[in-house]
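Chemist: The structure follows.
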Amino acid sequence: MKTVIEKITDLLTEEDRKKIQEAGRILKEGGLVAFPTETVYGLGADALNPEASKKIYAAKGRPSDNPLIVHISNMEALEGITSEIPEKAKQMAEQFWPGPLTMIFSKSSQVPLETTGGLETVAVRMPNHPIALALIDAGGGYIAAPSANTSGKPSPTLAEHVALDMDGRIPMILDGGAVGIGIESTIVDFSGEVPMILRPGYITPEMIRQVIGEVRVDPGLAADNPSVHPKAPGMKYKHYAPKADLILVNGAQEKVVKRINELVREAEKSGKRTGVIGTDETCGLYQAGVVKSIGSRKDEDTIARHLYGILREFDELNVDMIYSESFSTPRIGQAIMNRMLKAAGHQVIEV
Ligand code: AMP
Ligand code: MG
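In terms of the working numbering, the sequence shown opens at residue 498 and continues consecutively.
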């Protein structure tokens, strides 16, 4: 299959509107279209068409018990696919939609089990990206879309990343440039008594508490507790892994830099090509290896935005080892470290 990449620069132009209509037609006919959202690029299919959903699993190599998030463009659409909308979820939608928040509801019979990985619940998000919203409308209103990467690889934050993974497997990629946030949505489950965060993201527990009061964090997310399985089926799988072996070094900055310098020297002595992930503040302190800055500790959003891109850059450089600082930054550090730890297979050196 030939993959067409369409650049979208201005939705007000006739030209771009035609491209969105064409992408919408592909979706309505049961095909796949990759598109930008504010979090990462998504791989879209008609969420109400079981055959279309199956194509997502095939294109990504995604395990079939890992459910998809259904993307909508307006609140009325939520009623069609859910059997109940709790009051607190409405308050959350009011505050955070459109935006990087996914909520889990009891599903209506409209939603096929192929889309929900066999579950009676459905994950729903209203993204805050003009191209995504226009495509949802053009494609019938309900677009199932996981991240548009091959299962296990870092999520795509540029159309070029999507092309590397999906070229020849899907008919169309909409290129809207770099995404703004760079890590996936926060997932909150409303099916229990107390709402529970199943995946940390840009919307923090603190922000949620301010709107609805008590919220729990899924204990299965804790890195040091392998016996407790996470509640979101997808969180148990290997994720975001670069080709190289990634090892995180955690501790006070001076000690971290010293240890990474030692580790790089040792690795290079044994003939390994080595990469280092530092920050704008520390990059100048590393003496060997391919050193890249993920962003600035003064602006943690920059770290989230470049996380997946930097892992893919090291893939292209064919390094054998990557040593990285850890990024438990104040606000979204939990979300960033959730991804980093998975990418590293939980290999952490404490200094
Ligand atoms: P992705 O689309 O790649 O960002 O992954 C979607 C995430 O949402 C996965 O971790 C899924 O397990 C999770 N998810 C989707 N639907 C549900 C659901 N009904 N219940 C719990 N988790 C879900
Ligand atoms: Mg994903």
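The beta-carbon is built from N, C-alpha and C at its ideal position, and this holds for glycine as well.
Hey, is the region 707-726 in contact with the region 817-830, meaning 3+ C-beta pairs nearer than 8 Å?
Modeler: no
Chemist: Can the beta-carbon of A642 be found closer than 8 Å to that of I566?
Modeler: Locating residue 642 in the sequence shown gives position 145, where the first residue counts as 1. Locating residue 566 in the sequence shown gives position 69, where the first residue counts as 1. Yes, they are a contact pair.
Chemist: Would you decide whether G772 is buried or exposed? Buried here means 16 or more other CB atoms lie within 10 Å of its CB.
Modeler: For the purposes of this step, residue 772 is taken as residue 275 along the sequence shown, with counting starting at 1. G772 comes out buried.
Chemist: Should L616 be counted as a contact of ligand 1 given a C-beta to heavy atom distance under 7 Å?
Modeler: Here residue 616 refers to the residue found at position 119 when the sequence shown is read from its first residue. L616: yes, Cβ under 7 Å from ligand 1.
Chemist: State buried or exposed for N571, treating a residue as buried only when at least 16 other CB atoms are found within 10 Å of its CB.
Modeler: As a working note, residue 571 is residue 74 in the sequence shown. It counts as exposed.
Chemist: Report, in whole angstroms, the separation of the C-beta atoms of N625 and P653, which I expect to be a contact under 8 Å.
Modeler: Looking up residue 625 in the sequence shown gives position 128. Looking up residue 653 in the sequence shown gives position 156. Their Cβ separation, rounded to whole angstroms, is 18 Å, which puts N625 and P653 out of contact at 8 Å.
Chemist: Would you mind working out which of A841, H736, A629, G679 sits nearest L508, comparing C-alpha positions?
Modeler: Numbered from its first residue, the sequence shown carries residue 508 at position 11. Among A841, H736, A629, G679, the Cα nearest to that of L508 is on A629.
Chemist: Under the criterion of a Cβ to heavy atom distance below 7 Å, does S652 qualify as lining ligand 2?
Modeler: In the sequence shown, the residue the question calls residue 652 occupies position 155. S652 Cβ: within cutoff of ligand 2.
Chemist: Name the DSSP beta bridge partners of H568, please?
Modeler: In the sequence shown, counting from the first residue as 1, residue 568 sits at position 71. The partner list for H568 (beta bridge, DSSP) reads R622, I640.
Chemist: Does V537 pass the burial test, meaning 16 or more other C-beta atoms within 10 Å, or should it be called exposed?
Modeler: One-based indexing of the sequence shown puts residue 537 at position 40. With 16 or more Cβ atoms within 10 Å of its Cβ, V537 is classed as buried.
Chemist: Quick check on the burial criterion: 16 or more other C-beta atoms within 10 angstroms. Buried or exposed for L610?
Modeler: If you number the sequence shown from 1, residue 610 lands on position 113. Exposed is the call here.
Chemist: Please go through the region 515-601 and give each complete alpha helix (DSSP H) segment of 4 or more residues, from N-terminal end onward.
Modeler: 547-557, 572-578, 584-593
Chemist: So, at 8 Å on beta carbons, what are the nonlocal neighbours of V501 in its own chain, with the 5 sequence-adjacent residues on each side left out?
Modeler: By 1-based counting over the sequence shown, the position of residue 501 is 4. Result list for V501: P668, M669, I670, in chain order.
Chemist: Within its chain, find whatever has a CB closer than 6 Å to the CB of L718; leave out the 5 residues flanking it on each side and keep chain order.
Modeler: Here residue 718 corresponds to residue number 221 of the sequence shown, with the count starting at 1. Cβ neighbours of L718 beyond the five flanking positions: P727.
Chemist: If you draw a straight line from the C-alpha of R828 to the C-alpha of I684, how long is it?
Modeler: Numbered from 1 along the sequence shown, position 331 holds the residue referred to as residue 828. Numbered from 1 along the sequence shown, position 187 holds the residue referred to as residue 684. In a straight line, the C-alpha of R828 is about 16 Å away from that of I684.
Chemist: Sorry if obvious, but does the Cβ on S644 come closer than 7 Å to a heavy atom of ligand 2?
Modeler: Locating residue 644 in the sequence shown gives position 147, counting from the first residue. Checking every heavy atom of ligand 2 against the Cβ of S644, one is found closer than 7 Å.
Chemist: R713 by DSSP, collapsed to three states: which one?
Modeler: Within the sequence shown, numbered from 1, the residue matching residue 713 stands at position 216. It is a strand residue.
Chemist: In the DSSP assignment, find the beta strand (DSSP E) that holds T771 and state where it starts and stops.
Modeler: Here residue 771 corresponds to residue number 274 of the sequence shown, with the count starting at 1. It spans 771-775 - the beta strand (DSSP E) in which T771 sits, taken as one unbroken run.
Chemist: V619 and I578 look like a contact to me (Cβ under 8 Å); what is the Cβ gap, rounded to whole Å?
Modeler: Along the sequence shown, one-based indexing puts residue 619 at 122. Along the sequence shown, one-based indexing puts residue 578 at 81. With a Cβ gap of about 6 Å, V619 and I578 count as contacting.
Chemist: Is the beta carbon of I569 sitting closer than 8 Å to the one on I633?
Modeler: Counting from 1 along the sequence shown, the entry for residue 569 is found at position 72. Counting from 1 along the sequence shown, the entry for residue 633 is found at position 136. In this structure, I633 lies closer than 8 Å to I569 by Cβ.
Chemist: Going by DSSP, what residues sit across from E822 in a beta bridge?
Modeler: Indexing the sequence shown from 1 puts residue 822 at position 325. Note: E822 sits in a beta bridge opposite V746.
Chemist: Can you give me the C-alpha to C-alpha distance between G830 and F824, rounded to a whole angstrom?
Modeler: One-based indexing of the sequence shown puts residue 830 at position 333. One-based indexing of the sequence shown puts residue 824 at position 327. Spanning the two alpha carbons is a distance of roughly 6 Å.
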